[in-house]
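Structure record follows, encoded as structure tokens.
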Amino acid sequence: MAKKSNKNADTAPRVAEEAGAAVTAATASAQAEPKLVQVASAGAEGPATHDLSQEEAEALASGKNRSHFEGLGDVWAVLTGQDPAHVIPQVVGTVLHAGGTRSSWQWKRKGQDYVLMAWPQDQPVRAGVLMAGPEGGDLRPVNAVPLLEGLPNDLTVDDVHPWENGCGANVAVAMLEGKNPMWFYDPLYGRDHDDLTPGITHTFLLSGLALGLRKALLDDMTITQGPHYEAHAEAWLAENPGKSRLDVPPLKVSMSGRHMIMPGRRFCEYQMRSVIEEVQDCQLDKMPVKLIYLSFPFESRPAMRLPVYVSKMVLGDYEPQKGEEVDAYVWLQGRVIDIDEAPQQ
């Protein structure tokens, strides 16, 4: 399998030129400026500064009205700061010429051979190109994806939404029983397909790409409706006889030190608030990327550990520091843990 990949690498300029349009179409999307989803919530579990209506806030917090967006143009644009239509053919050529693969990134399915090539080999953020072709035949690029090294988390499969182009899938995993599942994009869905059975627990390598990031702004959140407010109002009225419902003050909830995840506008996208545990520097080619480590504790299960990659385009002049609280809008990626780790040429 690796030999086929090297054969294609020898003809990378020609292959990249011929395949550039197809791969761009498979990965690109309409681009919109990534922004934090700011919610003025009444009981919504997330950062809150923008005045959405109560109905919009509750729908967002519960994960309603989201869509399965099948395109990677947004994440390529955020990571590279360039137009995906221009950068993806360059990515394909570079990966096929200088990239490597692993035995765990190669599989067969329905008479087709698949190999995921990635570059650079010494960085946790890579450009990945999926190669495919008939068994024993030539392989050609069919998809290009930012490949992010994640941290292992044991998660139970809940649902799968395969992409129509056959390149990847959105996967839902259950975090807490009775709660909405969490979705991430699996770039190795073809390999992971048979393991993604609802109800089965696997160790996934989970990571995120920040589409927006800033130092947390709010010290507390004001709640005026919802179950938390109702409990507060009942207790306050019991302590203040003779007062009416109109006299009940808003509920103030401290945001300091909070760890929260709230669904974004698309599946696999989430608004988060957490404390940075560690900051590292890495790069994709000559582009600097900050790697920040976050965790999200639970009472009834181990904490979810999440490395988040933040490009220079997203950071601007902000320099994240260990111990700082941040608000982030993050696209999640995950895959079943790789059995081997040794790169192959």
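FYI, in our numbering the residues of the sequence shown are 855 to 1199.
From the three backbone atoms N, C-alpha and C, an ideal C-beta is built for every residue, glycine too.
The model shown is predicted, which means the values in this text are computed figures rather than measured ones.
Taking a C-beta distance under 8 Å as the contact criterion, Val941 and Pro1000 do not qualify as a contact pair. In this structure, Val1143 places its C-beta atom within 8 Å of the C-beta atom of Ser1165. In this structure Gln960 is not in contact with Val949, their Cβ atoms being roughly 15 Å apart against a cut-off of 8 Å. Arg956 and Pro1161 have their C-alpha atoms roughly 22 Å apart. Around the Cβ of Arg1045, a 10 Å sphere holds 16 or more other Cβ atoms; the residue is buried. DSSP, reduced to helix, strand and coil, places Thr1078 outside both helices and strands of the structure shown, so it counts as coil. When rounded, the separation of the alpha-carbon atoms in Gly965 and Thr1076 is 58 Å.
Look at Tyr1124 here: in three-state DSSP terms it is strand. Gly990 and Gly954 have their C-alpha atoms some 19 Å from each other.
Exposure of Asp1194 is indicated by the presence of fewer than 16 other C-beta atoms within 10 angstroms of its C-beta. In the DSSP assignment, Thr1051 falls outside any alpha helix (DSSP H) and carries neither an H nor an E. 8 Å or more divides the Cβ of Gly1066 from the Cβ of Val1133. Considering only Leu1005, Asp1192, His1047, the residue with the shortest C-alpha distance to Leu1186 is Leu1005. Ser957 carries a helical assignment under DSSP once its states are collapsed to helix, strand and coil. Between Leu1059 and Arg1189, the beta carbon gap of about 6 Å places them in contact (Cβ cut-off 8 Å). Spatial neighbours of Arg963 in its own chain (CB-CB distance under 6 Å, excluding positions within 5 residues in sequence) are listed in chain order as Gly1044.
Going by C-alpha positions, Pro1016 is about 6 Å away from Gly1022. The continuous stretches of alpha helix (DSSP H) do not include Asp992, and DSSP gives it neither H nor E. Looking only at Val1014, Asn1007, His1056, Gly1080, the smallest Cα-Cα distance to Pro1156 is reached by Asn1007. The C-alpha of Asn1024 is placed about 11 Å away from the C-alpha of Arg1120.
The Cβ neighbour count for Asn1094, taken over all protein chains shown within 10 Å, is under 16; the residue is labelled exposed. CA-CA distance, Val1014 to Gln936, rounds to 31 Å.
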